[in-house]
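**Student:** Letter by letter, the sequence shown follows residues 42 to 224 in my numbering. For glycine and all other residues, C-beta sits at the position ideal for the given N, C-alpha and C. Values in this document were obtained by computation on a predicted structure and should not be read as measured data.
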Amino acid sequence: MENLTDEELMMQFLELGNQKAFEVLYHKYFVSLSKYIGWMSGSMEQGKEIAQHTFVKLLHKSYVFNAKKSFKVWLYVIGKNQWLNEKRKLDRFSDHEPSVVQEEGKEDGSRTFQLQKMQMVLSTLSALHRETFVLKYLDNLSIQEIAETMQCSKGTVKSRLFYAMKNMRSKMKEFKTEYNGKF
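1) Kindly indicate which residue of L57, N126, T173 and L131 has the alpha-carbon position closest to the one of T197.
2) Unbroken alpha helix (DSSP H) runs of length 4 or more, entirely within the segment 48-131: which are they?
3) Flag this pair as touching only if the segment 161-179 and the segment 94-101 have three or more C-beta atom pairs under 8 Å; answer yes or no.
4) Measure the C-alpha to C-alpha separation of S75 and G88 and round it to an integer number of angstroms.
5) Does the separation of the CB atoms of W80 and L169 fall below 7 Å?
6) What residue range is occupied by the uninterrupted alpha helix (DSSP H) comprising V198?
7) By Cβ distance below 8 Å, which residues in the same chain neighbour S194 in space, the five residues on each side in sequence not counted?
8) With a Cβ-Cβ cutoff of 7 Å, do Y67 and F96 count as a contact?
9) Kindly indicate which three-state DSSP category S183 falls into: helix, strand or coil?
10) Would you identify the three-state DSSP class for E189, choosing helix, strand or coil?
11) Specify the secondary structure class of L176 as computed by DSSP and reduced to three states.
12) Cβ atoms of L166 and A205: under 7 Å apart, would you say?
13) Grouping DSSP H, G and I as helix and E and B as strand, with all else coil, what is S167?
14) Q60 to I119, Cα distance in whole Å?
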């Protein structure tokens, strides 16, 4: 199983009913998908919950998988759509803004403060710039994978990354001044 690509693992699951192949994919991508959705939603707990729902949906909709396409991109698109559906439901009932990312477990104060700073800066970006940044720098997707996930051109991805970084540098300087160099 170790030598199989993600796409081959998914096909093993689809064609042969190989549960182990699906488990390998689950263990490989659950954490990164949870973090991606957590950064987008502002809640790591919500990220985990939606990632779990995404894998359940994969089980039920696996027949639409195209082995010629990237499994990772397909997974992230489904995860993003799950999050957007949840967000729409919540937006109907609440004006609640996402809070600073909540991490589970015992984190030292420094790590928590770093996460809060990152979330503050990310929250100042537009949704498209934030998503592009998260996919590239937190989830380590390639420009091509980001383009496929976000359904745009590679040039658009590069442009969004450029402006995201430019805006983040500017905000970091502002926050640093505002917090007397402690940011």
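**Tutor:** Inspection of the coordinates gives the following:
1) Walking along the sequence shown from the start, residue 197 turns up at place 156. Checked all of L57, N126, T173 and L131; the closest Cα to T197 is T173.
2) 60-82 and 85-102
3) no
4) In the sequence shown, counting from the first residue as 1, residue 75 sits at position 34. In the sequence shown, counting from the first residue as 1, residue 88 sits at position 47. Going by the C-alpha atoms only, they are around 4 Å apart.
5) Position 39 of the sequence shown, counted from the start, is the residue given in the question as residue 80. Position 128 of the sequence shown, counted from the start, is the residue given in the question as residue 169. Contact flag unset, no.
6) Start at 1 with the first residue of the sequence shown, and residue 198 comes out as number 157. Residues K195 to E219.
7) Position 153 of the sequence shown, counted from the first residue, corresponds to residue 194. Counting only Cβ-Cβ distances below 8 Å, and skipping sequence neighbours, we find A188.
8) In the sequence shown, counting from the first residue as 1, residue 67 sits at position 26. In the sequence shown, counting from the first residue as 1, residue 96 sits at position 55. A contact, by the Cβ cut-off of 7 Å.
9) Along the sequence shown, one-based indexing puts residue 183 at 142. Coil, per DSSP.
10) Here residue 189 corresponds to residue number 148 of the sequence shown, with the count starting at 1. Here E189 sits in helix by DSSP.
11) On the sequence shown, residue 176 is found 135 positions in, with the first residue counted as 1. It is helical.
12) Numbered from its first residue, the sequence shown carries residue 205 at position 164. Numbered from its first residue, the sequence shown carries residue 166 at position 125. Contact: yes.
13) Sequence index remark: in the sequence shown, residue 167 carries index 126 (1-based). Residue state, collapsed to three classes: coil.
14) Taking the first residue of the sequence shown as position 1, residue 60 is located at position 19. Taking the first residue of the sequence shown as position 1, residue 119 is located at position 78. If I take the Cα positions, the gap works out to 20 Å.
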